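To keep things clear, I will list the structure first and then write my remarks on it.
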Amino acid sequence: MNMHESPSRTILAPSTVAQFSALAGVPLVKPGDDLAEIILAALTASNEKLRNDDVLIIAQKIVSKAQNRLVRLDTVIPSPEAERLAHDVNKDARLVELIMSESTETVRYRRDVLVVAHRLGFVIANAGVDQSNVEQGASDDVALLLPEDPDATCASLRETLRARTGASVGVIINDSHGRAFRNGTVGVAIGASGVAALADLRGAPDLFGRKLHSTEVAIADEIASAASLLMGQAGEGRPIVLARGLATARGDRTAADLVRPKAIDLFRPASLEETLKRRRSIRRYTAAPIRETAIMRLIEAAITAPSAHNRQPWRFVLLKDAAKTRLAQAMAERLREDRTRDGHDPIIIDQDTARSITRITSAPAAILVCLSMEDMDVYLDRRRAAAERQMAVQSTAMAMQNILLAAHAEGLGASIMCAPLFCADTVRDVLSLPAAWEPQALITLGYPANSGRPYRRHPIQDVVRIVDV
Ligand SMILES: Cc1cc2nc3c(=O)[nH]c(=O)nc-3n(C[C@H](O)[C@H](O)[C@H](O)COP(=O)(O)O)c2cc1C
71 MNMHESPSRT ILAPSTVAQF SALAGVPLVK PGDDLAEIIL AALTASNEKL
121 RNDDVLIIAQ KIVSKAQNRL VRLDTVIPSP EAERLAHDVN KDARLVELIM
171 SESTETVRYR RDVLVVAHRL GFVIANAGVD QSNVEQGASD DVALLLPEDP
221 DATCASLRET LRARTGASVG VIINDSHGRA FRNGTVGVAI GASGVAALAD
271 LRGAPDLFGR KLHSTEVAIA DEIASAASLL MGQAGEGRPI VLARGLATAR
321 GDRTAADLVR PKAIDLFRPA SLEETLKRRR SIRRYTAAPI RETAIMRLIE
371 AAITAPSAHN RQPWRFVLLK DAAKTRLAQA MAERLREDRT RDGHDPIIID
421 QDTARSITRI TSAPAAILVC LSMEDMDVYL DRRRAAAERQ MAVQSTAMAM
471 QNILLAAHAE GLGASIMCAP LFCADTVRDV LSLPAAWEPQ ALITLGYPAN
521 SGRPYRRHPI QDVVRIVDV
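When we follow my numbering, the leftmost residue of the sequence shown carries the number 71, and every step to the right adds one.
Here it is, written out as structure tokens:
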């Protein structure tokens with residue numbers, strides 16, 4: 071592979087020999103130091119000259135220090151949230167505040183461990199905020215953050231080195247990361263330029279000519295790991311490694327390509343809070359069909375809902391295409407009758423009925439949710455009979471909410487339509503439902519064609535009353 075091939079389709083012919091050497095003569099790096107200058111001096115001190123296709127691997131620490139990513143903890147004021155989390159993870163609240171300010175999400179934590187999604191996308195312990203190998207002030211309170219934009223730093227170093235030496239090299243910034251499922255840290259690339267950071271082998275033949283279907287190789291991480299062996303982890307002071315013989319690993323992808331998007335990460339399910347907050351009513355869908363097994367999973371989720379006396383009064387009707395269309399048309403007719411009786415403008419009625427039909431027929435799937443009073447208690451007085459019915463309605467609504475949330479968690483869009491409530495008899499007739507099944511709502515389903523309307527809720531203080539008398 072050479073640099074001119076498409077970044078998205080890299081066919082790799084690995085080298086048979088590569089050489090990694092830690093450069094000598096790297097001083098303790100200070101804020102404001104010129105890294106290109108330091109690299110060139112270290113090359114000279116090591117009797118090396120840069121050649122085309124060399125790859126330089128640079129330890130994150132010296133990049134962060136050169137970029138003055140040092141923060142004195144006594145300048146940090148922890149938020150109440152940082153204080154709480156610091157207590158749970160047994161860390162300095164100021165450190166936790168820094169970690170939170172460098173991250174977008176707390177992924178996991180327990181005492182002594184805090185794993186977050188860094189703003190650059192990596193899932194990493196402590197957002198990479200570190201106090202080791204950092205010159206401390208008197209009170210041992212200096213922390214070092216990851217570089218601002220490691221991919222951009224690599225690209226600019228590469229340009230400067232090319233301008234100064236004429237050699238086209240790859241540059242990687244490496245850092246030690248722990249991994250879920252495996253003990254021990256390894257060197258990974260947090261910045262890359264001029265390397266096939268993620269090589270796509272899909273479509274390449276294996277030993278026996280079979281096409282590889284899903285193989286992508288994190289080349290930049292592999293190079294970063296190899297370099298870590300020479301850099302060491304503690305006080306070795308060898309933060310720059312020159313790799314030679316990796317011409318086939320050249321390319322033009324970045325470390326950002328190594329971050330798996332959360333949405334397709336099987337091991338990062340959204341938190342309950344995220345699921346609740348991010349679910350929106352989705353009313354427009356792509357044409358992609360939904361498998362019946364996926365719909366059955368939604369109904370499985372529905373029936374985990376709590377219900378009054380655990381009588382589970384919910385009933386579900388899965389509507390196939392023909393049934394969906396017949397139902398849509400029949401409900402639209404009833405809507406037309408009601409609106410005509412209300413004296414509305416016939417043109418508006420035409421538009422509204424047409425929209426109602428399209429909303430249902432254009433949804434790849436729909437579930438009609440009904441309730442049945444068959445198993446509920448029977449009361450002879452109206453007050454208690456009404457309360458019992460209300461409990462059945464509440465229980466069925468909880469099942470519907472589960473469907474909406476489960477759909478969202480599966481990447482599906484869903485929305486409730488209350489139309490069946492307004493013409494329950496028609497719905498029951500059109501779908502030949504048992505007499506006891508009382509239509510409550512239609513849930514339309516499909517893969518989202520938009521992200522729904524913006525989240526809008528009344529302020530919590532407007533809907534809560536705290537009573538203590
Ligand atoms: C009982 C109930 C009935 C609803 N009926 C309809 C409906 O007939 N048509 C519609 O477009 N949305 C309907 N919705 C969706 C609401 O408009 C939506 O939940 C609300 O605007 C809040 O938006 P969100 O779900 O995106 O947070 C209904 C929601 C509920 C809970």
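Backbone N, C-alpha and C fix where the C-beta goes; we use that ideal spot for every residue, glycine too.
This structure is a prediction, so every number in the text was calculated from the model and none was measured.
| For residue 522, is the beta carbon positioned less than 6 Å from some heavy atom of ligand 1? | Locating residue 522 in the sequence shown gives position 452, where the first residue counts as 1. Yes - ligand 1 has a heavy atom lying nearer than 6 Å to the Cβ of residue 522.
| message | For residue 97, tell me which candidate among 88, 110 and 121 has the shortest Cα-Cα distance. | response | As a working mapping, residue 97 is identified with position 27 in the sequence shown. Minimum Cα distance to residue 97 is reached at 110.
| query | residue 430 and residue 390: beta carbons closer than 7 Å? | reply | Mapped onto the sequence shown, residue 430 falls at position 360. Mapped onto the sequence shown, residue 390 falls at position 320. The answer is no: Cβ separation not under 7 Å.
| Which residues bound the alpha helix (DSSP H) around residue 478? | As a working mapping, residue 478 is identified with position 408 in the sequence shown. Taken as a continuous stretch (DSSP letters only), the alpha helix (DSSP H) holding residue 478 covers 452 to 479.
| task | Could you say which of 270, 292, 291 and 289 lies nearest to residue 283 if we only look at CA atoms? | result | The residue you call residue 283 lines up with position 213 of the sequence shown. Answer by Cα proximity: 270.
| said: Quick check on residue 157: does DSSP put it in helix, strand or coil? | reply: Position 87 of the sequence shown, counted from the first residue, corresponds to residue 157. If DSSP states are grouped into helix, strand and coil, residue 157 belongs with the helices.
| message | Can you tell me whether residue 449 is buried or exposed? The criterion is at least 16 other CB atoms within 10 Å of its CB, across all chains shown. | response | The count along the sequence shown starts at 1 and reaches residue 449 at position 379. It counts as exposed.
| request: Leaving out five residues on either side along the sequence, give the residues of the same chain with a beta carbon under 8 Å from the beta carbon of residue 365. | output: Here residue 365 corresponds to residue number 295 of the sequence shown, with the count starting at 1. Cβ within range, chain order: 388, 435, 437 and 515.
| query | Pick from 294, 219, 476 and 424: whose alpha carbon is nearest that of residue 326? | reply | For the purposes of this step, residue 326 is taken as residue 256 along the sequence shown, with counting starting at 1. Per the Cα distances, 219.
| field | residue 71 classed as buried or exposed, judged by whether at least 16 other C-beta atoms fall within 10 angstroms | value | Along the sequence shown, read from residue 1 onward, the residue named residue 71 stands at position 1. Its pLDDT being 33, under 50, residue 71 is placed unreliably in this model, and the value from its coordinates should be taken loosely. Buried.
| Opening and closing residue of the beta strand (DSSP E) in which residue 429 lies | Stepping through the sequence shown from its first residue, residue 429 is reached at position 359. Per DSSP, residue 429 belongs to no beta strand (DSSP E); it is in the alpha helix (DSSP H), 416 to 431.
| request: Verify the contact flag: residue 488, CB atom, against every heavy atom of ligand 1, threshold strictly below 6 Å. | output: Against the sequence shown, residue 488 aligns to sequence position 418. At least one heavy atom of ligand 1 is nearer than 6 Å to the Cβ of residue 488, so yes.
| field | Exposure of residue 491, with buried meaning 16 or more beta-carbon neighbours within 10 Å | value | Counting from one through the sequence shown, the residue named residue 491 turns up at place 421. It counts as exposed.
| task | Would you tell me roughly how many angstroms separate the C-alpha atoms of residue 80 and residue 262, rounded to the nearest one? | result | Position 10 of the sequence shown holds residue 80. Position 192 of the sequence shown holds residue 262. Confidence in residue 80 is poor, its pLDDT being 46 and thus under 50, which makes the residue's placement unreliable; the coordinate value appears in the next sentence. Near 16 Å, if we compare the C-alpha coordinates of residue 262 and residue 80.
| What is the rounded straight-line gap between the Cα of residue 278 and the Cα of residue 317? | Taking the first residue of the sequence shown as 1, we reach residue 278 at position 208. Taking the first residue of the sequence shown as 1, we reach residue 317 at position 247. The alpha-carbon atoms of residue 278 and residue 317 are separated by roughly 26 Å.
| Is residue 425 near ligand 1, going by C-beta to nearest heavy atom under 6 Å? | As a working mapping, residue 425 is identified with position 355 in the sequence shown. Because no heavy atom of ligand 1 lies under 6 Å away, the Cβ of residue 425 does not count as near it: no.
| query | Roughly how many angstroms separate the alpha carbons of residue 67 and residue 354, rounded to a whole number? | reply | This structure gives no information on residue 67, because the portion of the chain shown stretches from 71 to 539.
| field | Straight-line gap, residue 340 to residue 479 (C-alpha atoms, nearest Å) | value | Here residue 340 is taken as the residue at index 270 of the sequence shown, counted from 1. Here residue 479 is taken as the residue at index 409 of the sequence shown, counted from 1. So the two alpha carbons sit approximately 8 Å from each other.
| message | Could you compute how far the alpha carbon of residue 73 sits from the alpha carbon of residue 244? | response | Working through the sequence shown from its first residue, we reach residue 73 at position 3. Working through the sequence shown from its first residue, we reach residue 244 at position 174. Model confidence at residue 73 stands at a pLDDT of 36, short of 50, so the residue's coordinates are unreliable and nothing is read from them.
| Apart from the five residues on each side of it in sequence, which residues of its chain come closer than 8 Å, Cβ to Cβ, to residue 100? | Within the sequence shown, numbered from 1, the residue matching residue 100 stands at position 30. Excluding positions up to five away in sequence, the list reads 135 and 136.
| Secondary structure at residue 116, three-state DSSP: helix, strand or coil? | Here residue 116 is taken as the residue at index 46 of the sequence shown, counted from 1. Looking at residue 116 - three-state DSSP - the assignment turns out to be coil, as it is neither helix nor strand.
| With burial defined as no fewer than 16 other Cβ atoms inside 10 Å of the residue's Cβ, what is the status of residue 531: buried or exposed? | Stepping through the sequence shown from its first residue, residue 531 is reached at position 461. That one is exposed.
| Do you know how far the Cα of residue 164 is from the Cα of residue 445? | Within the sequence shown, residue 445 is the residue found at index 375, counting from 1. Within the sequence shown, residue 164 is the residue found at index 94, counting from 1. Taking the straight line from one Cα to the other gives about 57 Å.
| Got a sec: does ligand 1 put a non-hydrogen atom nearer than 6 Å to the Cβ of residue 351? | Position 281 of the sequence shown, counted from the start, is the residue given in the question as residue 351. True, at least one ligand heavy atom lies under 6 Å from that Cβ.
| Closest by C-alpha distance to residue 225, when choosing among 510, 126 and 138 | As a position in the sequence shown, residue 225 is number 155, starting the count at 1. Comparing Cα positions, the closest option is 126.
| Three-state secondary structure assigned by DSSP to residue 390 | On the sequence shown, position 320 is the one that residue 390 refers to. The answer is coil: DSSP assigns residue 390 none of H, G, I, E or B.
| query | Which residues in the same chain as residue 374 place their Cβ atom closer than 8 Å to its Cβ, once the five residues preceding and following it in sequence are excluded? | reply | The sequence position of residue 374 within the sequence shown is 304, counting from 1. Only 472 meet the Cβ criterion.
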